[in-house]
Amino acid sequence: MDETDFWEIVDTTREAAGGDPEAHAEMLVDRLTGLDPEAVADFARHFEARFNRAYRWDLWGAAWVLLDGASDDTFENFRCWLISRGRHVFEGALHDPDALAELLESFDPESDGEAEDFGYAAFDAYEQLTGVELPDLGLPEPPPEPEGTPLDFEDARALAAAYPRLWARFRI
Numbered sequence: 193m194d195e196t197d198f199w200e201i202v203d204t205t206r207e208a209a210g211g212d213p214e215a216h217a218e219m220l221v222d223r224l225t226g227l228d229p230e231a232v233a234d235f236a237r238h239f240e241a242r243f244n245r246a247y248r249w250d251l252w253g254a255a256w257v258l259l260d261g262a263s264d265d266t267f268e269n270f271r272c273w274l275i276s277r278g279r280h281v282f283e284g285a286l287h288d289p290d291a292l293a294e295l296l297e298s299f300d301p302e303s304d305g306e307a308e309d310f311g312y313a314a315f316d317a318y319e320q321l322t323g324v325e326l327p328d329l330g331l332p333e334p335p336p337e338p339e340g341t342p343l344d345f346e347d348a349r350a351l352a353a354a355y356p357r358l359w360a361r362f363r364i
């Protein structure tokens, strides 16, 4: 499975689920169980590589603005959700987290920004196919701290200055 295949699966299952994160995770598991175990492991590698790429302070700040706060667990679920939105949104957010103001058609902090089950989909599918847990993916360990420069998430003025478009659209 290459990167294009990975994103095609993400996009088609999201569209089929109507954007609902829980339904999306279920549809993704269903789609992955139609593949062979090695393809599911490849999907998991693509997912985990992107999940680790998104472990950045600037993206955590964007999550904080969108969700009005983001703990460690919340940020993990946000990164799953960000990947679930597809290549355009994911890569756009990595390039410029403040661009999420334009990349997202809408954002409801009660239902968006969280897709924990999406993050487990490949693991669930692999176990359904084989009866055993997904083996080690052979990826480097994620860094112990997010990449980049930490932000003071408690300083609303600093967040508004760092994410002016997100702040104007979702916090004012």
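Sequential numbering from 193 applies to the sequence shown in my numbering.
Beta carbons are placed, not taken as given, at the ideal position from N, Cα and C, and that holds for glycine.
Can you check whether the CB of residue j is closer than 7 Å to the CB of residue i?
| i | j | result |
| --- | --- | --- |
| A314 | V232 | yes |
| A291 | L274 | no |
| P342 | W256 | no |
| C272 | F235 | no |
| P289 | L251 | yes |
| H216 | T205 | yes |
| L192 | P229 | An answer regarding residue 192 cannot be provided, because it is not within the stretch 193 to 364 covered by the chain. |
| N244 | P301 | no |
Tell me, please, which residues DSSP counts as bridged to residue i.
| i | result |
| --- | --- |
| R277 | Answer is none; R277 lacks a bridge partner. |
| E339 | R248 |
Quick check on residue i: does DSSP put it in helix, strand or coil?
| i | result |
| --- | --- |
| R248 | strand |
| E297 | coil |
| E333 | coil |
| A233 | helix |
| G284 | helix |
| D265 | helix |
| E240 | helix |
| P289 | helix |
| G305 | coil |
Measuring alpha carbon to alpha carbon, tell me which residue in the options is nearest residue i.
| i | options | result |
| --- | --- | --- |
| P185 | P229, W359, L224 and R237 | Only positions 193 to 364 of the chain appear in the structure, and residue 185 is not among them; the question remains open. |
| L296 | M219, V221, L258 and L321 | L258 |
| W199 | E214, D212, L224 and A215 | L224 |
| E294 | F362, E308, D347 and E230 | F362 |
Span of the alpha helix (DSSP H) holding residue i?
| i | result |
| --- | --- |
| D309 | E308 to T322 |
| D197 | E195 to A208 |
| E214 | P213 to L224 |
| R361 | P356 to F362 |
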